[in-house]
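**Q** Pasting a structure below so you can have a look.
Next comes the structure, spelled out in structure tokens:
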């Protein structure tokens, strides 16, 4: 019976939850409402999953995200059904980093190590004056200095793009780390137990051969440093 | 203007979508309704995100998943609010594998490489007779042979656990791979362009020191082979 991800019955109350719907109930000892942890989880992410609903039902859509201050940003086409829907309803934005498989001595105590964040609230559309700085902040986050190297968006491209943001205020984090939590009675079982780590890893940069310009001899730092 | 994840206006119709809500509209050329691709995306995943709603709003919850045949399985505590809610409403289950950042010559053409799957429908609760085989299949998927090595679930542990499954029928996949799609007019811009790859990677197994039994000299295959 692997993975007690939501199986623990050790329910505690965490009075610092910012709202009833961010009150973690399953394995509440793994919950946190610390903004610094929330920011770290968001900053380590390239994408989030957004839950919203329309006449066709519930939807869970992955999309790129970034943080500036106390807001999480997303962007997309003006025509995006998701962005239109998000302007008119509360949603839930979730980020999950999987850190490993936790192999316990009892099947029931198998688990995963992870860092997750859930944000509730309503996205607001970023105004025209703030759209370009927001998108440039995204580029700067991914590849510092690149914005000045590429062809910047033209009027048509910017006009076709919507940027939205949601406050990082009504949020909860949940983190599991460390070895399995086997009961003392199970520690004598003769089976390997521990953690099989997982992490999002960077691979060797793959240059696009289609370019016709002569490039600087020096790779940009964000390419050179991609693989340590 | 990075990441045209949902920005493309090249809308095609894909007549093979199994329903209107699985009809991909944004960058439809990246869509697929091929069951073999869907199975491969699910089998490569350790977790999914599930979107559902209740009186408190929309929720997006990460949870472990596995596949048997044409079903995706999840499990949790009998008391799980999510599992209770899923028995009574259609939901959307999404799996996303991030494969890299696509660095284009135009800011607007930046993107991500990814493999994603969205499944719509309603979960059904797996009956008592099928619960144990389903959970054993999950363990076998993660760690072949381990079920016979650990302490199997006892009556109380099994009784506390709910297993649910959803048919992999109403589903859509979306995949982006390969280099940036810069316009010919941008190919002369003197900036590095290409893909910065990302992949979920395995780290060195971390044995739990708390065990009191003498272990076999040989590591289980799933531990030994964790890092190639």
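Chains as they are written, first to last, in the working numbering: chain R, 115 to 342; chain C, 115 to 342.
The beta-carbon is built from N, C-alpha and C at its ideal position, and this holds for glycine as well.
(1) List in chain order: all unbroken alpha helix (DSSP H) runs of 4+ residues lying wholly within the region 252-296 of chain R.
(2) Are the Cβ atoms of residue 232(C) and residue 286(C) separated by less than 8 Å?
(3) Does the region 142-155 of chain R touch the region 284-298 of chain R, meaning 3 or more C-beta pairs lie closer than 8 Å?
(4) Using a C-beta cutoff of 8 Å, does residue 294(R) count as contacting chain C?
(5) How would you list, in chain order, the residues of chain R whose beta-carbon sits under 8 Å from the beta-carbon of residue 229(C)?
(6) Is it the case that the region 178-193 of chain R contacts the region 237-256 of chain C, given that we only count it when at least three CB pairs across the two stretches are under 8 Å?
(7) Measuring only the C-alpha atoms, how far is residue 139(R) from residue 283(C)?
(8) Just tell me which of 323(R), 338(R), 340(R) and 335(R) has its CA closest to the CA of residue 219(C).
(9) Could you list which residues in chain C have their beta carbon closer than 8 Å to that of residue 313(R), in chain order?
(10) What is the DSSP secondary structure of residue 172(R), counted as helix, strand or coil?
(11) Name the residues in the region 160-171 of chain R whose C-beta lies less than 8 Å from a C-beta of chain C; which are they?
(12) Distance check for residue 276(C) and residue 136(C), CA to CA, integer angstroms please.
(13) Return helix, strand or coil for residue 322(C), following the three-state DSSP convention.
(14) For chain C, find out if any of its Cβ atoms is closer than 8 Å to the Cβ of residue 175(R); answer yes or no.
(15) Quick check on this structure: which residue in 238(R), 309(R), 239(R) and 266(R) has the alpha carbon closest to the alpha carbon of residue 250(R)?
(16) Given this structure, state the Cα-to-Cα distance separating residue 300(C) from residue 212(C), to the nearest angstrom.
(17) Which first and last residues belong to the alpha helix (DSSP H) in which residue 151(C) is found?
(18) Kindly say whether residue 305(R), judged by its beta-carbon, lies nearer than 8 Å to any beta-carbon of chain A.
(19) Since residue 405(C) sits in a beta bridge, which residues does DSSP pair it with?
(20) Buried or exposed: where does residue 330(R) fall if 16 or more other Cβ atoms within 10 Å of its Cβ makes it buried?
(21) Using a Cβ-Cβ cut-off of 8 Å (strictly less than) and excluding sequence neighbours within five positions of residue 179(C), which residues of its own chain qualify?
(22) At the level of alpha carbons, what is the spacing between residue 340(R) and residue 132(C)?
(23) Identify the continuous beta strand (DSSP E) that holds residue 315(C) and give its terminal residues.
(24) Compute the Euclidean distance between the alpha carbons of residue 196(C) and residue 318(R), then round it to the nearest angstrom.
(25) What is the residue span of the alpha helix (DSSP H) that residue 181(R) lies within?
(26) From the DSSP output, in three-state form, read off residue 140(R) for me.
(27) Which of the three DSSP states, helix, strand or coil, is assigned to residue 133(C)?
**A** Taking the definition as stated:
(1) 269-273
(2) yes
(3) yes
(4) yes
(5) Here the premise fails: no neighbours, minimum Cβ distance about 11 Å.
(6) no
(7) 32 Å
(8) 323(R)
(9) 314, 315 and 317
(10) strand
(11) 160, 161, 163, 164, 165, 166, 167, 170 and 171
(12) 28 Å
(13) coil
(14) yes
(15) 266(R)
(16) 26 Å
(17) 149-157
(18) No chain A is part of this structure, whose protein chains are labelled R and C.
(19) Absent from the model: residue 405(C). The displayed extent of chain C is 115 to 342, so no value can be given.
(20) exposed
(21) 156, 159, 160, 161, 162, 186, 187, 188, 207 and 209
(22) 40 Å
(23) 308-316
(24) 40 Å
(25) First-last for residue 181(R): 180-182, but that is the beta strand (DSSP E), not the alpha helix (DSSP H).
(26) coil
(27) coil
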